[in-house]
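Visitor:
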Ligand SMILES: [Fe+2]
Ligand SMILES: [Fe+2]
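Residue numbers (our numbering): 83 to 274.
1) Tell me whether residue 334 sits in a helix, a strand or coil according to DSSP, three-state version.
2) With a threshold of 6 Å, establish whether the CB of residue 160 neighbours any heavy atom of ligand 1.
3) Considering only heavy atoms of ligand 2, list every residue whose Cβ is less than 5 Å from one of them, following chain order.
4) Opposite residue 242 in the DSSP bridges: which residues?
5) Take residue 103 as the anchor and find which of 256, 193, 208 has the nearest alpha-carbon.
6) Out of 86, 96, 85, 247, which has the shortest C-alpha to C-alpha gap to residue 192?
7) How big is the Cα-Cα spacing for residue 210 and residue 249?
8) Just to confirm, are residue 164 and residue 117 a CB contact at a threshold of 7 Å?
9) At a cut-off of 6 Å, would you count residue 257 as near ligand 1, judging by its Cβ distance to the nearest heavy atom?
10) On the criterion of 16 or more Cβ atoms from any shown chain inside 10 Å, does residue 228 qualify as buried, or is it exposed?
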């Protein structure tokens, strides 16, 4: 088995913790999408599916770096508590806010202190992508709370996800390249 260099032990622990968080977010959002479709919030379901795909991309990126650093990939999927779509959106937003304000800044600082380029890249990509999820979930909550018939959360909607970093947007061809990782727009995945 590969050895983890002593300066990378904490970084690998952080990557494993982020991997578990992203894997659980992916499972949760897919379940929330099914529930949102059942509740008639098809646009919210599209957003959950797009964010779920982004979290899967983050999990894959983190896993690759864990292996690169000699660690072993493992995570546990926790049981999912399904509530109303509005409550599920609020739970999703709280998770994203924790990642943006606390988890990724701490992990990024630790990786930066050790000049671990691969870990910096995967944490930075995830942090910036989660910011797009904070914005989109906040907007979805406002739409559902306002309860208007023409709310975007009611009708199946297209989202565009960067396949490299998970950056998520509802605006087609917003930039020529991903504003986070520079991947070309042509490679973005369309999620409905
Ligand atoms: Fe996210
Ligand atoms: Fe990207």
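Backbone N, C-alpha and C define an ideal beta-carbon position, used for all residues, glycine too. Fair warning: this is a prediction, and the values are worked out from it, not measured in the lab.
Guide: Straight from the coordinates:
1) Summary: the structure shown does not reach residue 334, with the chain confined to residues 83 through 274, and so no result is reported for it.
2) Result no, Cβ not under 6 Å from ligand 1.
3) Those satisfying the condition are, in chain order, 244, 246, 247, 249, 260, 262, 263, 265.
4) Its beta-bridge partners are 251, 272.
5) Of the candidates 256, 193, 208, the one whose C-alpha sits nearest the C-alpha of residue 103 is 208.
6) Of the listed residues, the one whose Cα sits closest to residue 192 is 96.
7) Answer to the nearest angstrom: the Cα atoms are 7 Å apart.
8) Result yes, Cβ atoms of residue 164 and residue 117 sit closer than 7 Å.
9) No, the beta carbon of residue 257 sits no closer than 6 Å to any heavy atom of ligand 1.
10) Classified as exposed, residue 228 has fewer than 16 neighbouring CB atoms from the shown chains inside 10 Å of its CB.
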